[in-house]
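Below is one structure; the comments refer to it alone.
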Amino acid sequence: MGRKQIYLTEDERLAASRAKSKRYYEKKRVEINNRRRKTYKQKNVKQSKNKESCPQGEAEASEKSDPLAIRVEYSERLNRQLIKITNGSAAEFVDELCRQFMYNLNSEPLDTLTKKLDNILTSMNKCHDEVLQLVGVGSQLDSISKTIQSLRQLISWVDEIACVILVDQRDVFKMYAEKHFMFQDS
């Protein structure tokens, strides 16, 4: 005497199986995701080791293993990312941000931009410190320092607008019309 057949059709059986799998996943989601994360990391580490062990040209391999070249290339990539965000002129970009705020009265783009710029600045500072440790003062460090300086200036302009918004939104209109913002001086 066996158990009665619960499902009459194949579709009902498959639906019940899917529901059972979903219930199990909901219960064990954290453990399953941790296992997946661990196997994914192991797989990527193995692939990166395989890429490193592949024969390449000597110049290409030495360029990849040179920590200074890696840091300088990374700082150049961050600089290109900054230029892409600002579309060239930082003052014009901040002016456009200010005008967008005055039109929409929405400070969310300023907050989002501040977070992006802070992340870039953190990465640039790390890169600056590593280049300083590797070669000391030199042309590579000067180019990174100039990028950091322009990035800090951009952040200060955006922060100035954000602070004025926090105090009184009407002051943004007044200061913009009277050209009292720092970015309007440049």
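Start counting at 1 in the sequence shown, then tack on 15, and there's your number in my numbering. Cβ atoms here follow ideal geometry from the backbone N, Cα and C, with glycine treated the same way. Predicted model, so just to flag it, every value in this text is computed and none were measured.
7 Å Cβ shell around residue i - same chain, five flanking residues per side excluded
i	result
V60	none
T24	none
V179	D186, V187, M190
F108	T101, N102
Q115	P124
Y22	R28, A31
Cβ-based burial, residue i [other Cβ within 10 Å; buried from 16]
i	result
M139	buried
A105	buried
V152	exposed
D26	exposed
V45	exposed
R52	exposed
R18	exposed
P70	Since pLDDT at P70 reaches only 39, below the 50 mark, its modelled position is unreliable, and the value read off the structure follows with that caveat. Classification of P70: exposed, given that the 10 Å Cβ count is below 16.
Nearest residue (CA-CA) to residue i, options the options
i	options	result
R185	L156, L83, C113, R167	C113
L132	N94, K161, E193	N94
R167	L128, S154, K42	L128
E111	G153, R92, Y191, Y39	Y191
T101	V146, L156, L149, W172	W172
R92	N48, T54, I159	I159
N121	G153, K58, Y22, A177	A177
S90	K37, S154, S32, E175	S154
D183	L149, M117, L97, N49	M117
K161	L97, V150, N134, Q199	L97
Endpoints, alpha helix (DSSP H) assigned at residue i
i	result
F188	184-192
Contact set for residue i: own chain, Cβ-Cβ below 8 Å, skip 5 residues either direction
i	result
I163	L136, M139, N140, H143
M197	S171, W172, E175
R149	Sequence check: residue 149 is Leu here, not Arg. Contacts found: P82, L83, R86.
L156	H143, V146, L147, V150
Test: residue i CB closer than 8 Å to a CB of chain B
i	result
D186	The chain inventory of the structure shown lacks chain B, comprising one protein chain alone.
Residues near residue i by beta carbon distance below 6 Å, same chain, minus five either side
i	result
E78	In this prediction, E78 scores a pLDDT of 48, lower than 50, which makes its location untrustworthy; the coordinate-derived value is nonetheless stated afterwards. Answer for E78: A84, listed in chain order.
L169	A105
Y40	none
Starting from the N-terminal side, write out each stretch of the alpha helix (DSSP H) that is 4 residues or longer and does not extend beyond the stretch 85-170.
-> 105-119, 123-150
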